[in-house]
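Chemist: Residue numbers (our numbering): 4 to 280.
Glycine included, each C-beta is placed from N, C-alpha and C at the ideal position.
As the structure is a computational prediction, the values presented were derived from the model and not from experiment.
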Amino acid sequence: MTSLVTRTRLTFSFLYLKRSVGLHTSTKKKSLMLQVKQSVGNKGHISTSVSNRTTSYFISPVKLIYVNRNDPQKSCFSVSTQNNPVSYYMECDDPDTKEILARDMQVIYDFISEKEESQLFDEVEPYLRRLKYETSHWDDAIHGYRETERKVWSEKNKAVIQRVRDTAFPAGTPQLAYVHVLDLQKEGYIKPHVDAVKFCGNTIAGISLLSPSIMRLVHTEDKTKFADILLERRSLYIMKDSARYDYTHEVLPDESKFKGKPVQKDRRISVICRNEP
Ligand code: OGA
Ligand code: MN
Numbered sequence: 004m005t006s007l008v009t010r011t012r013l014t015f016s017f018l019y020l021k022r023s024v025g026l027h028t029s030t031k032k033k034s035l036m037l038q039v040k041q042s043v044g045n046k047g048h049i050s051t052s053v054s055n056r057t058t059s060y061f062i063s064p065v066k067l068i069y070v071n072r073n074d075p076q077k078s079c080f081s082v083s084t085q086n087n088p089v090s091y092y093m094e095c096d097d098p099d100t101k102e103i104l105a106r107d108m109q110v111i112y113d114f115i116s117e118k119e120e121s122q123l124f125d126e127v128e129p130y131l132r133r134l135k136y137e138t139s140h141w142d143d144a145i146h147g148y149r150e151t152e153r154k155v156w157s158e159k160n161k162a163v164i165q166r167v168r169d170t171a172f173p174a175g176t177p178q179l180a181y182v183h184v185l186d187l188q189k190e191g192y193i194k195p196h197v198d199a200v201k202f203c204g205n206t207i208a209g210i211s212l213l214s215p216s217i218m219r220l221v222h223t224e225d226k227t228k229f230a231d232i233l234l235e236r237r238s239l240y241i242m243k244d245s246a247r248y249d250y251t252h253e254v255l256p257d258e259s260k261f262k263g264k265p266v267q268k269d270r271r272i273s274v275i276c277r278n279e280p
């Protein structure tokens, strides 16, 4: 039996927090104290102090609080384990888009473990390997790809797929039984498009295997409104409603930049769940 609750694995690393909360790089480690706040049913919260590089598992979402020892009142940063702060995975200059995507384009880093990533890879690779990468027509959306759809999964991978579904869709949402597996070669990329409304409902949820990539969302009626989303390897993105209907999405080619830094895109496999139209 697989567990019904998703456990969050968390390593309290100074670096992780620095990245997540965007702390100023000059902040001294010594001046910071880490606290974990966890909801415990209707009993309120418990707070525990932790040290750097402790790994723990949590069933309910926790909040990490960074307390500056020198001035506890003034400088507390916090980050919830359920969502990464939007500022970490999104680069966007347009306030409207920022607000919409903070709601409708969620990215959860480390959604799957390295072990789960290789299990998924091991299951799809023997099939994908037999296909040729296609370099499509000038008007097609995807370049340098091969793909498949899969309904039956090994027990272990079934549990991972179920976790994606449980996280992305409210209970009872009718979903496509077939999971879309898209393999983009290193040189591969996806041109701007909106998924056909005929074949897919309001939500698209995808995990990324093997490589990071940048997904760009551009407003269909105003191309100046756009955002870049960093899809780390092993992350899950959940694109819904306005992000899914009012913005095109695309996956940028290798070496495209996120926050000024080139992202080395390698071969990337996405495993995508969708709901029924
Ligand atoms: C698609 C698509 C995104 C991804 O197949 O329509 O946009 O994450 N894929 O691979
Ligand atoms: Mn798409």
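Could you tell me whether any non-hydrogen atom of the ligand MN is closer than 6 Å to the CB of Asp198?
Modeler: By one-based count along the sequence shown, residue 198 stands at place 195. It does: the Cβ of Asp198 is within 6 Å (strictly closer) of some heavy atom of the ligand MN.
Chemist: Assess contact between the region 101-110 and the region 243-257, defined as three or more Cβ pairs (one per stretch) separated by less than 8 Å. Is contact present?
Modeler: yes
Chemist: For Asn205 and Arg132, what's the separation of their Cα atoms in angstroms?
Modeler: If you number the sequence shown from 1, residue 205 lands on position 202. If you number the sequence shown from 1, residue 132 lands on position 129. If I take the Cα positions, the gap works out to 31 Å.
Chemist: Answer yes or no: do Ser273 and Arg236 have a C-beta to C-beta separation smaller than 7 Å?
Modeler: Here residue 273 refers to the residue found at position 270 of the sequence shown. Here residue 236 refers to the residue found at position 233 of the sequence shown. Cβ distance not < 7 Å, so Ser273 and Arg236 don't count as in contact.
Chemist: Taking three-plus beta-carbon pairs below 8 Å as touching, is the region 111-128 in contact with the region 155-172?
Modeler: Touching, per the Cβ criterion.
Chemist: So Lys228 packs on Asp97, CB below 8 Å; how close in whole Å?
Modeler: Position 225 of the sequence shown, counted from the start, is the residue given in the question as residue 228. Position 94 of the sequence shown, counted from the start, is the residue given in the question as residue 97. About 5 Å; that satisfies the 8 Å criterion.
Chemist: So which of Ser238, Leu233, Cys276 has the shortest CA-CA distance to Lys262?
Modeler: Mapped onto the sequence shown, residue 262 falls at position 259. Answer by Cα proximity: Leu233.
Chemist: Rounding to the nearest angstrom, what Cα-Cα distance links Glu94 and Arg219 in this structure?
Modeler: For the purposes of this step, residue 94 is taken as the residue at position 91 of the sequence shown. For the purposes of this step, residue 219 is taken as the residue at position 216 of the sequence shown. If I take the Cα positions, the gap works out to 9 Å.
Chemist: Determine, using beta-carbon pairs with one atom in the region 250-260 and one in the region 180-200, whether at least three such pairs fall under 8 Å.
Modeler: yes
Chemist: Could you pull the start and end residues of the alpha helix (DSSP H) that Pro98 belongs to?
Modeler: Residue 98 sits at position 95 when you count from the first residue of the sequence shown. Unbroken alpha helix (DSSP H) run through Pro98: 98-107.
Chemist: Evaluate the contact criterion for the region 142-150 versus the region 165-182: three or more CB pairs, one atom per stretch, below 8 Å.
Modeler: no
Chemist: Taking 6 Å as the cut-off, does the CB of Leu284 come closer than this to any heavy atom belonging to the ligand OGA?
Modeler: There is no way to answer for residue 284, as the model of the chain reaches only from 4 to 280.
Chemist: Can you tell me whether Glu279 is buried or exposed, with buried defined as 16 or more other CB within 10 angstroms of its CB?
Modeler: Position 276 of the sequence shown, counted from the first residue, corresponds to residue 279. That one is exposed.
Chemist: Tell me whether Val167 sits in a helix, a strand or coil according to DSSP, three-state version.
Modeler: As a working note, residue 167 is residue 164 in the sequence shown. Helix at Val167.
Chemist: Which partner residues does Arg277 have in the DSSP bridge list?
Modeler: Within the sequence shown, residue 277 is the residue found at index 274, counting from 1. DSSP, once it has assigned bridges, lists Ile207 as partnering Arg277.
Chemist: At a cut-off of 6 Å, is Ser273 close to the ligand OGA when judged by its beta-carbon and the heavy atoms of the ligand?
Modeler: Walking along the sequence shown from the start, residue 273 turns up at place 270. Yes, the beta carbon of Ser273 sits closer than 6 Å to at least one heavy atom of the ligand OGA.
Chemist: Between Ala208 and the rest of its own chain, which residues show a CB-CB distance below 8 Å, the 5 nearest in sequence each way excluded?
Modeler: Taking the first residue of the sequence shown as 1, we reach residue 208 at position 205. Answer for Ala208: Val167, Arg168, Thr170, Ala171, Phe172, Leu239, Tyr240, Ile241, Met242, Ile275, Cys276, Arg277, listed in chain order.
Chemist: If you measure between the beta carbons of Ile217 and Ser259, is that distance less than 7 Å?
Modeler: For the purposes of this step, residue 217 is taken as residue 214 along the sequence shown, with counting starting at 1. For the purposes of this step, residue 259 is taken as residue 256 along the sequence shown, with counting starting at 1. Contact: yes.
Chemist: Can we count Leu239 as close to the ligand OGA, meaning its CB is less than 6 Å from some heavy atom?
Modeler: Your numbering for residue 239 matches position 236 in the sequence shown. Flag unset: Cβ of Leu239 not near the ligand OGA.
Chemist: What residues in its chain sit with their C-beta under 6 Å from that of Glu128, if we drop five residues either side in the sequence?
Modeler: Here the question's residue 128 lines up with position 125 in the sequence shown. Around Glu128: no qualifying Cβ.
Chemist: My guess is that Tyr181 and Arg153 are in contact by the Cβ rule of under 8 Å, so how many angstroms apart are they, rounded?
Modeler: For the purposes of this step, residue 181 is taken as the residue at position 178 of the sequence shown. For the purposes of this step, residue 153 is taken as the residue at position 150 of the sequence shown. Yes, Tyr181 and Arg153 are in contact; Cβ-Cβ is about 7 Å, under 8 Å.
Chemist: Is it buried or exposed, Thr223, if we count other Cβ atoms within 10 angstroms and call 16 or more buried?
Modeler: Taking the sequence shown and counting its residues from 1, the one referred to as residue 223 is at position 220. Classification of Thr223: exposed, given that the 10 Å Cβ count is below 16.
Chemist: Quick one, are the C-beta atoms of Tyr130 and Thr151 less than 7 Å apart?
Modeler: Your numbering for residue 130 matches position 127 in the sequence shown. Your numbering for residue 151 matches position 148 in the sequence shown. Yes, the Cβ-Cβ distance between Tyr130 and Thr151 is below 7 Å.
Chemist: Which of helix, strand or coil does DSSP assign to Arg247?
Modeler: Against the sequence shown, residue 247 aligns to sequence position 244. In the three-state reduction of the DSSP assignment, Arg247 falls in the helix class.
Chemist: Say the cut is 6 Å; is the CB of Leu185 nearer than that to a heavy atom of the ligand OGA?
Modeler: The sequence position of residue 185 within the sequence shown is 182, counting from 1. Yes.
Chemist: So, Val266 versus Pro215, is the Cβ gap smaller than 7 Å?
Modeler: One-based indexing of the sequence shown puts residue 266 at position 263. One-based indexing of the sequence shown puts residue 215 at position 212. Yes, the Cβ-Cβ distance between Val266 and Pro215 is below 7 Å.
Chemist: For the ligand OGA, is there a heavy atom less than 6 Å away from the beta-carbon of Gly209?
Modeler: To locate residue 209, count along the sequence shown from 1; it is residue 206. Yes, Cβ of Gly209 sits closer than 6 Å to a heavy atom of the ligand OGA.
Chemist: Might you give, ordered along the chain, the residues of its own chain that have their beta carbon closer than 6 Å to the beta carbon of Val254, omitting 5 neighbours on each side?
Modeler: Reading the sequence shown from its first residue, position 251 is the one you call residue 254. Tyr192, Ile193, Ser216, Met218.
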